[in-house]
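Line by line, the protein sequences are chains A and B. The first sequence begins at 285 in this note's numbering and counts up one residue at a time. The second sequence begins at 50 in this note's numbering and counts up one residue at a time. Glycine included, C-beta positions come from ideal geometry on N, C-alpha and C. No experiment lies behind these values; they were computed from the predicted model shown.
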Amino acid sequence: MTTPALAIRGGSVLTDGSSQPVRADILVVDGRIVAIGGSVEVPSGGEVLDATGCVVGPGLVDLHTHLREPGNEAAETIETGSRAAMLGGYTAVVAMPNTTPAIDSAAVVEQVLRLGRTAGLCEVLVAGAITVGRAGERLAPMAEMAELGVRIFTDDGAGVQNNRLMRRALEYASSLGVTLAQHCEDAALSEGGVMHEGAWSARLGLPGQPSEAEELMVARDIALCRRTGTPVHFLHMSTAGSVELIRRAKADGLPVTAEAAPHHFTLTDACLAGYDTVFKVHPPLRTDTDVAAVKAGLADGTIDAIATDHAPHTPETKEQSMLDAPPGMLGLQTALSLAITELDLPIARVFSLLSSGPARIVKANDRHGHVSVGRAANLCVVDPLATWTVNPAALASKARNTPYAGRTLFGVVRHTVFNGLATVVDSTARR
Amino acid sequence: MKHLLSIEDLGADGLEHLLTLTDRFVEVSQRKVPRIPALQGKTVVSLFYEDSTRTRLSFETAAKRLSADVMTFSVSTSSANKGESIRDTVETIEAMGIDAIVVRHKAAGVPLQISRWTQASVVNGGDGWHQHPTQALLDCYTIRTRLGSLRGRSIAIVGDIKHSRVARSNVQAFTALGAEVTLVGPATLLPPSLEGWPVKVEHEIEAVLGRVDVIYLLRMQMERTTEALVPSLREYTSIYGLTDERSARLADDVLVMHPGPMNRGVEIGPSVPDRPNTVITQQVANGVAVRMAVLFELLTGERS
Numbered sequence: 285m286t287t288p289a290l291a292i293r294g295g296s297v298l299t300d301g302s303s304q305p306v307r308a309d310i311l312v313v314d315g316r317i318v319a320i321g322g323s324v325e326v327p328s329g330g331e332v333l334d335a336t337g338c339v340v341g342p343g344l345v346d347l348h349t350h351l352r353e354p355g356n357e358a359a360e361t362i363e364t365g366s367r368a369a370m371l372g373g374y375t376a377v378v379a380m381p382n383t384t385p386a387i388d389s390a391a392v393v394e395q396v397l398r399l400g401r402t403a404g405l406c407e408v409l410v411a412g413a414i415t416v417g418r419a420g421e422r423l424a425p426m427a428e429m430a431e432l433g434v435r436i437f438t439d440d441g442a443g444v445q446n447n448r449l450m451r452r453a454l455e456y457a458s459s460l461g462v463t464l465a466q467h468c469e470d471a472a473l474s475e476g477g478v479m480h481e482g483a484w485s486a487r488l489g490l491p492g493q494p495s496e497a498e499e500l501m502v503a504r505d506i507a508l509c510r511r512t513g514t515p516v517h518f519l520h521m522s523t524a525g526s527v528e529l530i531r532r533a534k535a536d537g538l539p540v541t542a543e544a545a546p547h548h549f550t551l552t553d554a555c556l557a558g559y560d561t562v563f564k565v566h567p568p569l570r571t572d573t574d575v576a577a578v579k580a581g582l583a584d585g586t587i588d589a590i591a592t593d594h595a596p597h598t599p600e601t602k603e604q605s606m607l608d609a610p611p612g613m614l615g616l617q618t619a620l621s622l623a624i625t626e627l628d629l630p631i632a633r634v635f636s637l638l639s640s641g642p643a644r645i646v647k648a649n650d651r652h653g654h655v656s657v658g659r660a661a662n663l664c665v666v667d668p669l670a671t672w673t674v675n676p677a678a679l680a681s682k683a684r685n686t687p688y689a690g691r692t693l694f695g696v697v698r699h700t701v702f703n704g705l706a707t708v709v710d711s712t713a714r715r
Numbered sequence: 050m051k052h053l054l055s056i057e058d059l060g061a062d063g064l065e066h067l068l069t070l071t072d073r074f075v076e077v078s079q080r081k082v083p084r085i086p087a088l089q090g091k092t093v094v095s096l097f098y099e100d101s102t103r104t105r106l107s108f109e110t111a112a113k114r115l116s117a118d119v120m121t122f123s124v125s126t127s128s129a130n131k132g133e134s135i136r137d138t139v140e141t142i143e144a145m146g147i148d149a150i151v152v153r154h155k156a157a158g159v160p161l162q163i164s165r166w167t168q169a170s171v172v173n174g175g176d177g178w179h180q181h182p183t184q185a186l187l188d189c190y191t192i193r194t195r196l197g198s199l200r201g202r203s204i205a206i207v208g209d210i211k212h213s214r215v216a217r218s219n220v221q222a223f224t225a226l227g228a229e230v231t232l233v234g235p236a237t238l239l240p241p242s243l244e245g246w247p248v249k250v251e252h253e254i255e256a257v258l259g260r261v262d263v264i265y266l267l268r269m270q271m272e273r274t275t276e277a278l279v280p281s282l283r284e285y286t287s288i289y290g291l292t293d294e295r296s297a298r299l300a301d302d303v304l305v306m307h308p309g310p311m312n313r314g315v316e317i318g319p320s321v322p323d324r325p326n327t328v329i330t331q332q333v334a335n336g337v338a339v340r341m342a343v344l345f346e347l348l349t350g351e352r353s
């Protein structure tokens with residue numbers, strides 16, 4: 285495919301392996317980066333994007349996106365979710381399999397991949413289910429799905445409860461070159477819980493989920509990873525105990541990786557005080573101690589990726605009681621800004637957590653997570669010092685359930701470049 | 050005061066004010082025709098998503114004695130069963146022209162959520178494990194009538210604190226009015242954290258029998274045994290029940306209270322309700338007057 289040449293001028297470029305951005309222009313021809321330098325010549329007919337004041341980094345990769353299609357198109361579609369992603373600086377998202385039907389067969393994988401390509405706003409990758417219907421009873425055809433390019437499997441929304449079945453899944457997957465990702469939640473311990481179990485749940489009179497519901501499954505899967513050698517990725521780690529378990533597993537040299545969601549390093553269970561269901565999420569918002577531990581894990585490399593767990597829900601379903609409303613919150617358009625605003629990390633580390641780290645985990649790092657000559661031009665241009673105020677109505681998602689309404693954040697995504705095409709220019713969707 | 054959602058919102062002054070106001074409505078309730086025109090032309094809706102005969106009747110009686118119009122919205126006959134969201138239901142009811150909504154729901158927080166979706170005053174008639182503020186008010190009123198004041202009094206709340214909106218409201222109300230509160234129950238029936246709760250804890254009823262002015266018994270639900278919270282009701286009764294034998298050892302002036310409905314033979318001995326200072330029926334009687342005071346205050350008081 286031939287696309288017009290594109291130059292990104294005036295920004296500071298975060299090239300592969302560099303610890304900080306350096307003033308440079310970038311020239312993109314036919315979807316690839318062909319030059320990075322002090323100033324580049326733009327071929328006639330080429331487009332120039334102004335990046336003054338901006339950091340030019342690799343396009344973001346979200347390991348954890350609920351696109352809701354097929355099955356719940358009232359909340360989100362692959363097209364609207366992709367649009368939210370590109371406006372948030374993403375060039376790839378991993379669609380979670382808890383759709384209706386679940387992504388547990390080659391047919392549904394093909395459907396989602398096709399709809400992603402048709403939307404064409406970012407690359408839509410797929411996480412396949414580990415078990416049929418995510419029911420935790422029989423293995424889903426992982427090899428057939430892997431054949432179509434699926435590199436990560438999970439029953440996200442629930443953990444695989446049966447120890448024996450999880451062992452078998454890891455053994456079976458060991459020859460497929462894939463990673464199994466776990467939503468760590470022991471269902472017997474968490475049953476009925478709608479928030480973190482602790483001082484706030486006691487006071488608010490809401491049933492809680494104890495930290496141990498997450499930590500027991502983290503510990504189990506580390507043990508099974510040690511036995512089988514199959515890589516395990518831990519989804520949305522939320523407790524101090526989980527972070528410590530993963531830190532030790534990595535020190536032991538096990539092939540484990542982990543992600544954290546922005547809400548788990550920015551919000552606590554105190555947010556539930558007003559019984560606003562927008563703060564209901566699984567795993568739940570935890571305590572200040574847990575937030576500090578997640579931040580420390582993001583800083584020291586225990587946690588490899590920031591993943592949104594973008595979970596759109598229609599207003600009608602969220603306008604239920606705390607017991608009845610579904611868990612989940614939007615994340616694609618706020619993740620980068622929250623990382624810039626709330627994490628005291630160098631911008632290179634922020635991009636590592638949001639782009640190259642997750643790209644490696646989902647094995648899309650041949651085409652995402654890089655800024656260097658010869659690589660595919662998947663880029664995110666962000667002004668880290670500019671501010672914006674989150675207005676739910678202005679988000680591209682179909683749903684409105686952001687917990688950050690009214691918050692002013694640093695970090696405005698100015699341009700997004702997907703496969704050499706400018707999809708977002710001056711913070712406005714072009715497609 | 051626009052809404053009554055939680056005891057915490059009232060504070061000691063708000064509690065005292067409503068308790069003093071209640072005296073007037075106790076007097077009204079004792080008249081031959083116990084009705085005054087205070088809320089004539091006002092409409093009060095009872096919106097009960099959870100079964101409750103006594104609380105609903107108490108509120109509706111209170112509203113009628115104040116000459117308000119009363120609408121009953123009961124979930125079994127309503128559109129909520131057809132999947133209508135709470136917000137849509139509230140907006141529909143509001144369109145009929147109403148002044149107050151009394152809400153009961155199985156989930157904590159629903160009255161507060163509803164207060165964000167309506168112009169009417171919202172009264173919490175019990176939300177999940179969270180709050181039951183008019184129960185706490187009538188309990189305080191009952192204790193005050195018998196003991197003069199709560200200040201310096203020692204009160205034990207015995208039983209399933211964890212799942213009890215009555216316990217949460219009463220801990221706040223009793224301590225705000227100067228009483229000292231001891232919670233008595235097994236760890237499985239206590240909240241997962243008592244951080245910030247101004248209470249003591251005991252794990253057997255014998256530990257408080259000789260030293261408290263009020264024993265407040267909570268209903269022990271049968272299903273707690275299937276949830277492995279207690280081994281059996283028999284064992285519960287042996288450690289936490291105010292049995293006839295234990296009751297006989299109480300000083301005569303110790304008050305025994307219960308929010309109802311009772312499980313005679315489980316948390317309360319068969320003959321304990323008939324003891325002179327067991328005030329369970331007085332609690333019910335005071336409930337109507339307290340709810341008259343609350344509705345009167347919300348619908349005629351200064352709007353902030």
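Exercise for the section: List the residues of chain A whose Cβ lies closer than 7 Å to the Cβ of H154(B), in chain order. Expected result: The residue labelled residue 154(B) in the question sits at position 105 within the second sequence. Going along chain A in sequence order, the residues near H154(B) (Cβ under 7 Å) are S605.
Exercise for the section: Kindly indicate which residue of L637(A), T592(A), I645(A) has the alpha-carbon position closest to the one of P539(A). Expected result: For the purposes of this step, residue 539(A) is taken as residue 255 along the first sequence, with counting starting at 1. Checked all of L637(A), T592(A), I645(A); the closest Cα to P539(A) is I645(A).
Handout entry: Three-state secondary structure (DSSP) of V337(B)
Key = The residue you call residue 337(B) lines up with position 288 of the second sequence. Three-state DSSP puts V337(B) in a helix.
Problem - chain B contact residues for S485(A), given Cβ-Cβ distances below 9 Å - result: On the first sequence, residue 485(A) is found 201 positions in, with the first residue counted as 1. Per Cβ cutoff of 9 Å: P240, P241, S242.
Handout entry: 9 Å Cβ cut-off: residues of chain A touching V112(B)
Key = By one-based count along the second sequence, residue 112(B) stands at place 63. Looking at the sequence provided, one finds Ala at residue 112(B) rather than Val. By Cβ distance, chain A contributes nothing, its closest Cβ being about 25 Å from A112(B), past 9 Å.
Practice task
Could you tell me which residues DSSP pairs with T544(A) in its beta bridges?
Solution key: Position 260 of the first sequence, counted from the first residue, corresponds to residue 544(A). Looking at the sequence shown, residue 544(A) is not Thr but Ala. BP columns for A544(A) point to I590(A).
Problem - chain B within 8 Å of G482(A), Cβ atoms only - result: If you number the first sequence from 1, residue 482(A) lands on position 198. Cβ-Cβ to chain B under 8 Å: yes for G482(A).
Problem - Neighbour-count burial assignment, V502(A), 16 or more Cβ in a 10 Å radius - result: Residue mapping note: residue 502(A) aligns to position 218 of the first sequence, counting from 1. Buried, by the Cβ-count rule.
Handout entry: With 16 other Cβ atoms within 10 Å as the buried cut-off, status of A335(A)
Key = Here residue 335(A) is taken as the residue at index 51 of the first sequence, counted from 1. A335(A) should be labelled buried.
Problem - Extent of the continuous alpha helix (DSSP H) run through C189(B) - result: By 1-based counting over the second sequence, the position of residue 189(B) is 140. Its alpha helix (DSSP H) spans residues 182-196.
Problem - C-beta atoms of M380(A) and A403(A) nearer than 8 Å - result: As a working note, residue 380(A) is residue 96 in the first sequence. As a working note, residue 403(A) is residue 119 in the first sequence. Against a cut-off of 8 Å, the Cβ pair of A403(A) and M380(A) comes out as no contact.
Handout entry: Contacts that G355(A) makes with chain B (C-beta to C-beta distance below 9 Å)
Key = Here residue 355(A) refers to the residue found at position 71 when the first sequence is read from its first residue. Contact annotation for G355(A) against chain B: no contact, minimum CB-CB distance about 18 Å [criterion: below 9 Å].
Practice task
Using a Cβ cut-off of 7 Å, pull out every chain B residue sitting near Y688(A), in sequence order please.
Solution key: Locating residue 688(A) in the first sequence gives position 404, counting from the first residue. Neighbours of Y688(A) on chain B: none; closest Cβ ~19 Å, over 7 Å.
Exercise for the section: Closer than 8 Å by beta-carbon distance: list the chain B residues that pair up with D608(A), in chain order. Expected result: In the first sequence, residue 608(A) corresponds to position 324, counting from 1. In chain order: A156.
Problem - K81(B), enclosing beta strand (DSSP E) - first and last residue - result: Counted from its first residue, the second sequence places residue 81(B) at position 32. Unbroken run through K81(B): none, as it is neither H nor E.
Problem - Spatial neighbours of H52(B) in its chain, beta-carbon cut-off 6 Å, leaving aside the 5 residues before and after - result: Taking the first residue of the second sequence as position 1, residue 52(B) is located at position 3. Excluding sequence neighbours, H52(B) sits near S164, S170, V171.
Practice task
Would you please state the rounded distance, in angstroms, between the beta carbons of I85(B) and L115(B)? I believe it to be under 8 Å.
Solution key: Position 36 of the second sequence, counting from 1, holds the residue named residue 85(B). Position 66 of the second sequence, counting from 1, holds the residue named residue 115(B). Right, their Cβ atoms sit about 6 Å apart.
Problem - One or two residues paired with R316(A) in a DSSP bridge - result: Mapped onto the first sequence, residue 316(A) falls at position 32. Partner(s): V313(A), A660(A).
Exercise for the section: Identify each residue in the stretch 191-220 of chain B for which the Cβ-Cβ distance to at least one residue of chain A is less than 7 Å, and report them in chain order. Expected result: Those residues of the stretch 191-220 of chain B placed with their C-beta closer than 7 Å to a C-beta in chain A are R214, R217, ordered along the chain.
Practice task
State the Cα-Cα distance for the pair L622(A) and A545(A), rounded to the nearest angstrom.
Solution key: Locating residue 622(A) in the first sequence gives position 338, counting from the first residue. Locating residue 545(A) in the first sequence gives position 261, counting from the first residue. If you take the alpha carbons of L622(A) and A545(A), they lie about 10 Å apart.
Practice task
Could you have a look at E346(B) and say whether DSSP puts it in helix, strand or coil?
Solution key: Your numbering for residue 346(B) matches position 297 in the second sequence. Helix at E346(B).
Exercise for the section: For I56(B), decide whether its Cβ has a neighbour in chain A, counting only Cβ atoms nearer than 8 Å. Expected result: Within the second sequence, the letter at position 7 stands for residue 56(B). No, because no Cβ of chain A sits closer than 8 Å to the Cβ of I56(B).
Handout entry: Where H699(A) falls: helix, strand or coil (DSSP)
Key = Position 415 of the first sequence, counting from 1, holds the residue named residue 699(A). Here H699(A) sits in strand by DSSP.
Handout entry: chain A contact for G336(B) (CB, 8 Å cutoff)
Key = Numbered from 1 along the second sequence, position 287 holds the residue referred to as residue 336(B). False, the Cβ-Cβ gap to chain A never drops below 8 Å.
Handout entry: Contact with chain A by R295(B), beta-carbon distance below 8 Å
Key = In the second sequence, residue 295(B) corresponds to position 246, counting from 1. It does not: the Cβ of R295(B) has no partner Cβ on chain A nearer than 8 Å.
Exercise for the section: Find out if the Cβ-Cβ distance for the pair A300(B), S78(B) is shorter than 8 Å. Expected result: For this step, residue 300(B) is matched to residue 251 along the second sequence. For this step, residue 78(B) is matched to residue 29 along the second sequence. Cβ distance not < 8 Å, so A300(B) and S78(B) don't count as in contact.
Exercise for the section: Tell me, please, whether the CB atom of Y559(A) is closer than 8 Å to any CB atom in chain B? Expected result: To locate residue 559(A), count along the first sequence from 1; it is residue 275. It does; some Cβ of chain B falls within 8 Å.
Problem - Euclidean distance between Cα positions of L298(A) and V657(A) - result: Locating residue 298(A) in the first sequence gives position 14, where the first residue counts as 1. Locating residue 657(A) in the first sequence gives position 373, where the first residue counts as 1. Spanning the two alpha carbons is a distance of roughly 12 Å.
Handout entry: Counterpart residues of K249(B) in DSSP-defined beta bridges
Key = Taking the first residue of the second sequence as 1, we reach residue 249(B) at position 200. Looking at the DSSP assignment, K249(B) forms a beta bridge with T231(B).
Problem - Contact set between the stretch 481-515 of chain A and chain B, restricted to residues whose Cβ is under 9 Å from the partner - result: E481, G482, A483, W484, S485, A486, R487, L488, G489, L490, P491, G492, P494
Exercise for the section: Give a yes or no on whether the C-beta atoms belonging to V396(A) and Q466(A) are separated by under 8 Å. Expected result: Here residue 396(A) refers to the residue found at position 112 when the first sequence is read from its first residue. Here residue 466(A) refers to the residue found at position 182 when the first sequence is read from its first residue. No.
Practice task
Taking C-beta pairs closer than 9 Å, name the residues in chain A that G60(B) reaches, listed in chain order.
Solution key: Along the second sequence, read from residue 1 onward, the residue named residue 60(B) stands at position 11. Within chain A, no residue comes near G60(B); the closest Cβ sits about 16 Å away, beyond 9 Å.
Practice task
Let me know the secondary structure DSSP gives R487(A) once reduced to three states.
Solution key: Numbered from its first residue, the first sequence carries residue 487(A) at position 203. Helix at R487(A).
Exercise for the section: Report the partner residues of I264(B) according to the DSSP bridge assignment. Expected result: On the second sequence, position 215 is the one that residue 264(B) refers to. The beta-bridge partner set that DSSP reports for I264(B) consists of A205(B), V305(B).
Practice task
Tell me, please, whether the CB atom of Q332(B) is closer than 8 Å to any CB atom in chain A?
Solution key: Here residue 332(B) corresponds to residue number 283 of the second sequence, with the count starting at 1. Taking Cβ atoms only, chain A never reaches closer than 8 Å to Q332(B), which makes this a no.
Problem - Interface residues of chain B facing E600(A) [CB-CB closer than 9 Å] - result: Working through the first sequence from its first residue, we reach residue 600(A) at position 316. Those are S134, R136, D137, listed as they occur along chain B.
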